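Visitor: Here it is, the structure in full.
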Amino acid sequence: MNIGEHARRAGSAIAAMGLGIGSLSQAAFAQAAEKATEAAATATAAAGAYVPMKPVPGIGQPVDGGIGFQQQFSPNGHYALWMHDALLMPVITVISLFVLGLLMWVAYRYRQGKNPVASRTSHNTVIEVVWTLVPVLILVGIAIPSISLLAKQYKPAPENALTVKATGNQWYWTYSYPDNGGLEVISNMLPDDEAVKRGEPAKLAVDNRLVLPVGEPIRLQTVGADVIHAFAVPSLWFKLDAVPGRINEKVLVIEKAGVYYGQCSELCGARHGYMPIAIEALPRDKFNAWVLSQGGTIDNQPKPAAAAAPAAAAPAAVVPAAAEAAATESAAPAA
Ligand SMILES: [Cu+2]
């Protein structure tokens, strides 16, 4: 059973109880929620030890002879790939062919041998209006989806999202999980023979992967420990600079469980090409089991407070009605 679901239900149940028993204090509620989370975590720990997932060939990694984008596994990735494949490429192709055709036609039709007397035409209002208006319309047509893609990429993660921080070092990555007891993972590239032995692509496989839950928004933060690096995973449409002295953040949603490879994408020194990224996306319960197996905790997750929030908001809506009733009641004896 999905642990998030489990504790959410537990949280809602407790919240409902809290509604019924008005005397149940906030602290007692928090304690009860914590116990429910603990119980869920223990159940998850018993579910089984973590075994690194095998990657699927051609998924989440480059393919031989590939010239296009990798298959996408995030909502922004689908949108951006659609924009590239269905909008930009056709527009570029049509314009390039049109200009090429025009040039060839002019060079042939108006060659000196066939056209000894050059035209003296210098203005043509219709053509001038057309060649101004048509490019403007094309650019507006591109700008609308382009700006909306930008907006989607800048949309911050929801408040209760899991936070994970990727730190670029010369020349490896460290991943920390502040929501999971500050768990930290150091990730180094595997030697080629070891990668191949494990059925993974050489120069992309790592010893310890960045394990993330699938199907939920993740607040992925990046920072550089020494120089500027960039955290980039093509199949998740994710690229974010890791700059010393500042934290960048972007939301990441991975739609499907699997292994996704990426690389540092900012020239960061001699071994820039040897600090790959390997993300393993797991269902929530398996992710929690992995966290526990690494010595982390499930404190902020699975968000009993977040699940209780709508329930907690409900009584607020009820209050005015209750107050109204009380007011009527108190007014009644006076009448
Ligand atoms: Cu780097």
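With our numbering applied, the sequence shown has no gaps in its numbers, which climb one by one up to 1810 at the end.
Every residue gets a Cβ at the ideal spot worked out from N, C-alpha and C, and that includes glycine.
Computed from a predicted model, the values in this text were never measured in an experiment.
#1: Which runs of the beta strand (DSSP E) at least 3 residues long sit entirely within the segment 1617 to 1663? Give them in chain order.
#2: Report buried or exposed for W1580, applying the criterion of at least 16 other Cβ atoms within 10 angstroms of its Cβ.
#3: Express the C-alpha separation of S1662 and W1648 in angstroms, rounding to a whole number.
#4: Quick check on I1729: does DSSP put it in helix, strand or coil?
#5: Buried or exposed: where does N1590 fall if 16 or more other Cβ atoms within 10 Å of its Cβ makes it buried?
#6: Do you know whose CA, among E1741, R1595, D1654 and Q1696, lies nearest R1721's CA?
#7: For P1532 and chain D, any beta-carbon pair shorter than 8 Å?
#8: Using alpha carbons as the reference points, say which of D1716, V1718 and I1729 lies closest to P1692.
#9: Could you give the first and the last residue of the continuous alpha helix (DSSP H) run that contains I1570?
#10: CA-CA distance, K1630 and V1726?
#11: Count the other CB atoms, across all protein chains shown, that sit within 10 Å of the CB of R1595; report buried if there are 16 or more and exposed otherwise.
#12: For G1535 and I1570, I'd like the C-alpha separation in whole angstroms.
#13: In terms of residue numbering, what span does the beta strand (DSSP E) encompassing E1755 cover?
#14: Am I right that E1755 and M1528 are in contact with their C-beta atoms under 8 Å? What's the rounded C-beta distance?
#15: Go through its chain and collect everything with a Cβ distance to V1689's Cβ below 7 Å, but skip five positions before and after it.
#16: Return yes when at least one heavy atom of ligand 1 lies under 7 Å from the C-beta of H1747, else no.
#17: Buried or exposed for W1606, going by 16 or more other Cβ atoms inside 10 Å?
#18: Please classify L1556: does DSSP put it in a helix, a strand, or coil?
#19: Put H1598 into one of helix, strand or coil per three-state DSSP.
#20: Cβ of E1634 versus every heavy atom of ligand 1: is any distance shorter than 7 Å?
#21: Could you pull out every residue in the same chain whose Cβ sits closer than 8 Å to the Cβ of P1751, ignoring the five residues on either side in sequence?
#22: Do the segment 1707 to 1715 and the segment 1542 to 1560 touch if we need at least three Cβ pairs shorter than 8 Å?
Guide: Quick answer:
#1: Within the segment 1617 to 1663, the runs of beta strand (DSSP E) that reach at least 3 residues and sit entirely inside it are, in chain order, 1637 to 1644, 1647 to 1652 and 1658 to 1662.
#2: W1580 comes out exposed.
#3: For the pair W1648 and S1662, the Cα-to-Cα distance works out to about 5 Å.
#4: The answer is coil: DSSP assigns I1729 none of H, G, I, E or B.
#5: Exposed, because fewer than 16 other Cβ atoms sit within 10 Å of the Cβ of N1590.
#6: Of the candidates E1741, R1595, D1654 and Q1696, the residue whose Cα lies closest to the Cα of R1721 is Q1696.
#7: Protein chains in the displayed structure number just one, and chain D is not present.
#8: Nearest C-alpha to P1692: I1729.
#9: Following the DSSP letters along the chain, one finds I1570 inside the alpha helix (DSSP H) bounded by residues M1564 to R1584.
#10: In this structure, the straight-line span from the alpha carbon of K1630 to that of V1726 is close to 7 Å.
#11: Counting Cβ neighbours within 10 Å, R1595 comes out exposed, since fewer than 16 surround it.
#12: Rounded to the nearest angstrom, the two C-alpha atoms are 33 Å apart.
#13: Per DSSP, E1755 belongs to the beta strand (DSSP E) from I1752 to L1757.
#14: For E1755 against M1528, the beta-carbon gap comes to about 5 Å, under 8 Å, which counts as contact.
#15: Shown here for V1689: same chain residues with a beta carbon closer than 7 Å to its own, the five before and five after excluded, namely I1729, K1731, A1732, A1756, L1757 and P1758 in chain order.
#16: Yes; taking the cut-off as 7 Å, the Cβ of H1747 has a heavy atom of ligand 1 nearer than that.
#17: When all chains shown are included, W1606 counts as exposed.
#18: Correct three-state label for L1556: helix.
#19: The three-state secondary structure of H1598, taken from DSSP, is coil.
#20: Answer for E1634: no, Cβ out of range of ligand 1.
#21: Within the same chain, P1751 has close Cβ partners M1664, K1678, L1679, A1680, V1681, Y1736, G1737, Q1738 and C1739.
#22: Flag = yes, the segment 1707 to 1715 and the segment 1542 to 1560 touch.
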